[in-house]
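Residue numbers (my numbering), protein chains in the order written: chain A, 1 to 578; chain B, 1 to 578. Virtual Cβ for every residue (Gly too), placed ideally from N, Cα, C. Since the structure comes first, as structure tokens, the remarks are kept for the end.
2 protein chains.
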Amino acid sequence: MSKIKSLIRKTATPANTNNPILDNIANSDAPINMTANTPIEQTRWNGWGNININKKVSAHGAKLIKSHIGKTKKLNSVSLAQVLKTVPKSRLPTAITELKTVSIDQEDRLRHARGQSFPDWIAMHGGDFEVFPDGVAFPESTADVEILLKLASEHDLIVIPFGGGTSVAGHINPQKGSRPILTVAMSKMAQLIDLDNESQIATFGAGTQGPAVEAQLDTHGYRLGHYPQSWELSTLGGWIAARSSGQQSLGYGRIEQMFAGGTLVTPQGTLNIADFPASAAGPDLREMMMGTEGRAGIFTEVKMRVQHQPEEELFKVAFMPNWEVGKEVLRQAVQKNIRLSMLRLSNAVETDAHLHLGTTPSQFLAISTYLKARGLSSDKVMLTYGVSGDKAQNKLALTEFNKLLKQQGSVTGKITDIMGSVWAHGRFKFPYLRGTLWEKGIMVDTFETATNWNHIDEQMQQMQEAVQNALADEGEEVMAFTHISHVYKQGASLYTTYFFRAAQDHASTLSRWQKIKHAASSSLANGTATISHQHGVGRDHAPYLAAEKGKLGIQVTSDMLKSLDPEQRMNPGVLIED
Amino acid sequence: MSKIKSLIRKTATPANTNNPILDNIANSDAPINMTANTPIEQTRWNGWGNININKKVSAHGAKLIKSHIGKTKKLNSVSLAQVLKTVPKSRLPTAITELKTVSIDQEDRLRHARGQSFPDWIAMHGGDFEVFPDGVAFPESTADVEILLKLASEHDLIVIPFGGGTSVAGHINPQKGSRPILTVAMSKMAQLIDLDNESQIATFGAGTQGPAVEAQLDTHGYRLGHYPQSWELSTLGGWIAARSSGQQSLGYGRIEQMFAGGTLVTPQGTLNIADFPASAAGPDLREMMMGTEGRAGIFTEVKMRVQHQPEEELFKVAFMPNWEVGKEVLRQAVQKNIRLSMLRLSNAVETDAHLHLGTTPSQFLAISTYLKARGLSSDKVMLTYGVSGDKAQNKLALTEFNKLLKQQGSVTGKITDIMGSVWAHGRFKFPYLRGTLWEKGIMVDTFETATNWNHIDEQMQQMQEAVQNALADEGEEVMAFTHISHVYKQGASLYTTYFFRAAQDHASTLSRWQKIKHAASSSLANGTATISHQHGVGRDHAPYLAAEKGKLGIQVTSDMLKSLDPEQRMNPGVLIED
């Protein structure tokens with residue numbers, strides 16, 4: 001017991017932990033900027049996030065991964081100066097370049113050429129960007145964007161909207177072609193424009209990043225409540241255009257429930273989407289335009305449904321005997337309308353990996369001993385949950401949920417409560433882990449879907465097996481684990497993380513990734529699971545979209561987009577293949 | 001006090017009350033059929049509902065209305081036999097008429113020619129149907145519908161989908177034109193086809209009416225929870241095609257939250273909309289097709305999100321000092337996430353009218369005395385609310401809500417609790433009132449919208465004034481009152497009921513209605529209120545749709561529909577004017 005007490009003492013102070021799940025702000029070099037948009041020059045040009053923030057990984061965590069994928073070797077990385085030399089002359093006409101909103105600066109063009117997909121990382125580290133936008137516009141108003149799209153039509157440009165540049169599916173990558181490419185970066189439209197306290201509607205510039213959204217609302221006592229893992233850098237416009245979902249979607253809803261209306265500038269003119277509370281007047285323009293991923297136009301000002309800051313917010317952890325009972329707890333909780341704000345369940349492999357990655361060997365032993373003494377075996381799974389709201393509502397939700405947990409043999413206690421708090425403190429640092437592992441030659445990517453409860457197990461197995469066996473022809477093992485992070489009465493999301501080792505060069509490492517990606521994507525193309533629950537389609541998922549929409553579904557979506565962009569200059573090839 | 005006690009005794013037995021709001025099943029000639037679809041031959045050919053059900057109105061209620069609109073005189077009504085003589089020969093080709101699913105019987109065609117809009121009632125009672133469908137198909141499967149649409153393309157027919165025939169906006173009326181018209185009645189597709197207990201998804205034939213939906217689910221312990229006022233006769237397919245909202249939408253959501261996916265047969269083929277719990281894979285096909293009002297195709301099988309029957313369900317009434325504080329209670333309740341399943345607030349005029357219409361003079365005096373003794377004046381408003389769920393969840397919700405009520409000076413007690421129960425028992429009998437009033441020469445119609453909280457008062461005033469003054473040129477007074485029946489964090493619906501007196505004949509009575517309708521619709525066309533919160537667009541609201549969607553919004557919607565119906569044979573003119 002002394003080990004456990006010591007562990008509790010240590011983890012009680014977030015600054016003393018070192019755990020990718022049980023992470024915290026204090027153990028990084030700098031805190032996340034919580035008040036305003038992060039200037040792009042303060043972000044890594046070839047990886048995730050703020051240049052002042054890093055994230056460590058434990059030695060025995062890395063060892064566990066290597067015990068699966070084998071000994072690794074770091075890939076080479078080119079320098080920014082080397083890549084800058086490869087940026088060609090801009091093809092934009094002077095009518096565009098003379099606009100005060102437009103830059104043809106080489107670094108601006110480089111920094112807006114790629115997102116955060118695995119192929120993007122390979123391109124950035126290998127120095128092979130292939131294509132750069134011919135210029136980057138930084139509009140400050142809807143009128144600026146209207147001018148840009150008008151000139152784009154007159155001069156036959158390709159236009160790519162750019163929010164936080166956090167796409168992991170190839171949403172913002174310029175493609176080879178004869179038409180000059182203008183990327184429209186929304187970073188200067190980042191203000192709270194209007195707040196209707198009575199209707200609780202906040203109007204924002206669409207380029208506002210997560211922290212700036214919440215900081216501006218918080219001064220008025222409000223919260224949006226949308227917290228995707230990319231929250232530090234991703235934007236309102238990006239969330240809407242790619243149908244994002246945040247970690248507390250159970251309590252606050254997906255972006256679809258938050259987006260009330262707004263302004264979409266299209267090549268055919270400006271579409272003002274009215275912000276009614278509800279309407280029976282035909283198909284919903286909001287829902288027709290959400291998920292268009294830049295192919296219909298550019299969101300400039302967006303009206304968001306906000307709420308009062310919760311009186312109380314708690315995050316907790318429980319360990320369950322196995323996946324089956326953990327899943328049953330999630331399903332019953334949501335179907336019984338228990339008012340939690342988040343639910344997340346790691347499968348047994350993920351639970352073990354996270355306990356390794358986030359602990360010292362002695363901490364790991366202490367936790368393992370603690371859980372084993374309470375009857376949990378290697379089948380154990382970690383369940384993270386939260387409440388956000390009035391204290392009385394939270395109390396009832398926790399009472400109801402604890403009853404469910406106990407019925408299914410949960411282990412909870414002071415130590416698991418601390419794990420919950422620590423998870424909450426560090427939850428936006430996760431994406432930094434990719435860079436840390438990259439430096440060790442460990443390649444990591446994720447894959448996600450959503451399916452109904454009756455398909456969850458089958459789909460998880462199919463996804464994991466597809467990923468694990470994808471490099472069998474090279475004799476390479478891929479390590480994979482999965483969690484459920486978003487639950488609905490009808491089903492849940494599945495989020496698989498996988499690790500493989502870098503090959504001898506960038507191209508053959510990319511080839512490994514492509515095999516895995518294709519195997520995983522194909523495992524979804526069965527009509528019962530979506531190609532994306534929260535990342536969108538982009539270019540990477542577009543080949544698999546027809547499997548779920550059908551030929552006719554693709555046709556009607558495509559015709560809808562062509563109505564607003566008949567010359568297909570808006571982000572062509574994204575969402576629907578040309 | 002003896003009067004009050006006597007009233008409580010009387011109202012405690014639903015059979016003894018006679019009140020349009022505080023109504024009950026017992027005081028009608030027959031109960032609503034609660035188990036299966038009502039055969040169309042058991043419904044009125046020229047009015048609302050089951051031929052065996054009637055609804056009385058109190059003498060002093062009718063007197064109150066007449067004190068506003070003046071002395072009334074009943075309009076003539078033609079007989080069914082007279083109208084049957086006006087049904088012309090069918091123009092359908094033999095390739096259609098020889099199908100076993102198709103009828104060209106004159107009464108079938110007559111009974112599927114009109115809905116329940118005010119112009120429909122004028123046409124049915126005046127005997128001027130104008131146009132009849134050339135035949136009515138009664139498909140029994142998706143394959144039947146596919147054959148029908150294939151033949152419709154080959155023979156260039158107009159096709160009109162028909163659910164319960166309850167449209168109040170002209171959704172199912174055939175129009176003059178050279179193409180023969182086939183109405184497709186979905187009444188034979190009324191079965192529960194599949195139930196996934198784990199994912200709580202029920203698959204139904206789209207022609208299933210409200211009672212048959214709930215009866216088939218109830219045998220398995222489930223509930224859909226969609227209760228529009230038309231519930232007795234309206235269908236799943238109709239609710240989805242016209243974006244319906246039920247009385248308990250606060251707890252169960254609108255039809256948009258219930259419809260998970262399904263099959264839409266279109267002239268371009270069959271669109272299978274996948275039933276994912278959520279997806280980020282592009283624009284949502286569900287939301288693109290909901291609200292298409294028959295212009296994209298015909299819903300045949302629909303997958304609905306269902307829930308366990310609630311452990312407890314209660315409906316209650318409270319009286320509030322005035323509209324302002326009543327509205328404040330509604331807004332705070334929803335914005336504080338108090339888990340009620342319904343909220344409804346009648347304004348002062350509606351409160352007074354309903355208390356008159358549903359009572360004897362002595363009951364009215366007793367209630368008025370009771371409320372006056374508790375400090376309520378003629379400004380008082382009636383607030384109806386409900387909870388549906390687990391007892392613990394309901395208890396918390398009622399505790400929180402009662403606190404809000406008391407803060408705002410509510411009057412509640414045994415008598416108001418009874419009013420709530422009685423409202424619940426009689427809530428689907430309301431549409432029968434139109435026939436009762438019609439027989440007295442009192443014309444009644446309703447008008448509804450939704451807007452944000454900050455526009456509610458202004459919009460209600462505009463709507464009511466527009467209606468009240470619409471017949472000023474004829475020296476006629478229109479009586480109007482309003483309630484809020486659906487609340488959202490962002491805003492609420494407004495539902496105005498109005499009474500005017502019949503003119504000397506059907507045509508001039510219709511002309512009065514047209515003036516009122518245009519005045520009311522124009523009062524909405526300001527971009528802040530929708531032309532319909534729950535009735536859909538049909539033909540009657542189509543001229544006003546552009547005011548809220550904008551020219552570009554209409555264009556993109558129209559192009560989306562044309563993608564599935566390039567020859568515009570599906571219900572042309574509905575939703576978007578030709």
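Under 8 angstroms Cβ to Cβ from residue i, same chain only, skipping five residues before and after it: list those, please.
{"i": "B:S522", "result": "A466 and Y544"}
{"i": "A:P572", "result": "I158, Q175, R295 and D578"}
{"i": "B:I554", "result": "L545, A546 and I576"}
{"i": "A:H518", "result": "A470"}
{"i": "B:A12", "result": "Because B:A12 sits at a pLDDT of 34, beneath the cut-off of 50, its placement in the model cannot be relied upon, and the point is left open."}
{"i": "A:T416", "result": "K316, V317, A318 and F319"}
{"i": "B:I255", "result": "H226, W239, I240, R243, S244, S245, G246 and M290"}
Report all residues from its chain with a CB closer than 6 angstroms to the CB of residue i; omit the five preceding and five following residues, and keep chain order.
{"i": "A:L271", "result": "L264"}
{"i": "A:D23", "result": "Confidence is the limiting factor: at A:D23 the pLDDT is only 41, short of 50, which leaves the residue's position unreliable, though a coordinate-based value still follows. Excluding sequence neighbours, A:D23 sits near G426 and K429."}
{"i": "A:G246", "result": "H226, Y227 and P228"}
{"i": "A:S60", "result": "Looking at the sequence provided, one finds His at residue 60 of chain A rather than Ser. Taken in chain order, the residues that qualify are H356 and P361."}
Is it true that the CB of residue j sits closer than 8 angstroms to the CB of residue i?
{"i": "A:S532", "j": "B:A281", "result": "yes"}
{"i": "B:Q407", "j": "A:Q200", "result": "no"}
{"i": "A:K380", "j": "A:F319", "result": "yes"}
{"i": "A:N347", "j": "A:T449", "result": "no"}
{"i": "A:E311", "j": "A:G49", "result": "no"}
{"i": "B:R305", "j": "B:A260", "result": "yes"}
{"i": "A:A202", "j": "A:L217", "result": "yes"}
{"i": "B:V329", "j": "B:L404", "result": "yes"}
{"i": "A:M463", "j": "A:L433", "result": "no"}
{"i": "A:T94", "j": "A:Q209", "result": "no"}
{"i": "B:S388", "j": "B:Q248", "result": "yes"}
{"i": "A:W239", "j": "A:R331", "result": "no"}
{"i": "B:H356", "j": "B:S558", "result": "no"}
{"i": "B:R179", "j": "B:D156", "result": "yes"}
Looking only at its chain, what residues have a beta carbon closer than 7 angstroms to the beta carbon of residue i, apart from the 5 residues adjacent to it on each side?
{"i": "B:I21", "result": "Low confidence applies here, because B:I21 scores a pLDDT of 41, under 50, leaving its location unreliable; read the following figure in that light. Excluding positions up to five away in sequence, the list reads H354, G358 and W423."}
{"i": "A:M34", "result": "P211 and A215"}
{"i": "B:M479", "result": "I65, H68, I69, Y498 and F499"}
{"i": "A:P133", "result": "R109, H112, A113, I160, P174, I181, L182 and T183"}
{"i": "B:K73", "result": "G441 and A502"}
Span of the alpha helix (DSSP H) holding residue i?
{"i": "A:V325", "result": "W323 to Q335"}
{"i": "B:E350", "result": "A348 to L357"}
{"i": "A:I69", "result": "A59 to I69"}
{"i": "B:M560", "result": "A546 to L564"}
Which residue comes first and which comes last in the beta strand (DSSP E) that contains residue i?
{"i": "B:E312", "result": "E312 to M320"}
{"i": "A:S388", "result": "V381 to G389"}
{"i": "A:A202", "result": "I201 to G205"}
In chain order, what are the residue ranges of uninterrupted alpha helix (DSSP H) at least 4 long that sit wholly in the segment 415-452 of chain A?
433-438
Which runs of the beta strand (DSSP E), 3 residues or longer, sit entirely within the segment 153-187 of chain B?
158-162 and 181-185
Within the segment 223-289 of chain A, ranges of the beta strand (DSSP E) (whole runs, at least 3 residues):
259-266 and 269-273
Quick check for students: name the residue ranges of the beta strand (DSSP E) that lie wholly in the segment 472-518 of chain B, counting only runs of 3 or more.
479-484 and 491-501
Interface residues of the segment 502-529 of chain A facing chain B [CB-CB below 9 angstroms]:
G527, T528 and A529
Residues from the segment 274-293 of chain A in contact with chain B, defined by Cβ distance under 9 angstroms
A274, D275, F276, P277, A278, S279, A280, A281, G282, P283, D284, L285, R286, E287, M288, M289, M290, G291, T292 and E293
For the segment 543-577 of chain A, list every residue whose C-beta sits within 7 angstroms of some C-beta in chain B, in sequence order.
L545, E548, K549, G550, L552, G553, Q555, V556, T557, D559, M560, S563, L564 and L575
Quick one, which residues of the segment 354-379 of chain B are near chain A if we go by CB-CB under 8 angstroms, in chain order?
none
Which residues of the segment 197-211 of chain B have a Cβ closer than 8 angstroms to any Cβ of chain A? Give them in chain order.
E198, S199, Q200 and I201
Continuous alpha helix (DSSP H) assignments of at least 4 residues falling wholly in the segment 32-119 of chain B:
Taking only runs of at least 4 residues, the alpha helix (DSSP H) segments lying wholly in the segment 32-119 of chain B are 59-69, 80-84, 94-97 and 106-111.
Report the residues of the segment 480-493 of chain B with a CB closer than 9 angstroms to any CB of chain A, ordered along the chain.
So the list reads H486, V487, Y488, K489, Q490, G491, A492 and S493, given in the order they occur along the chain.
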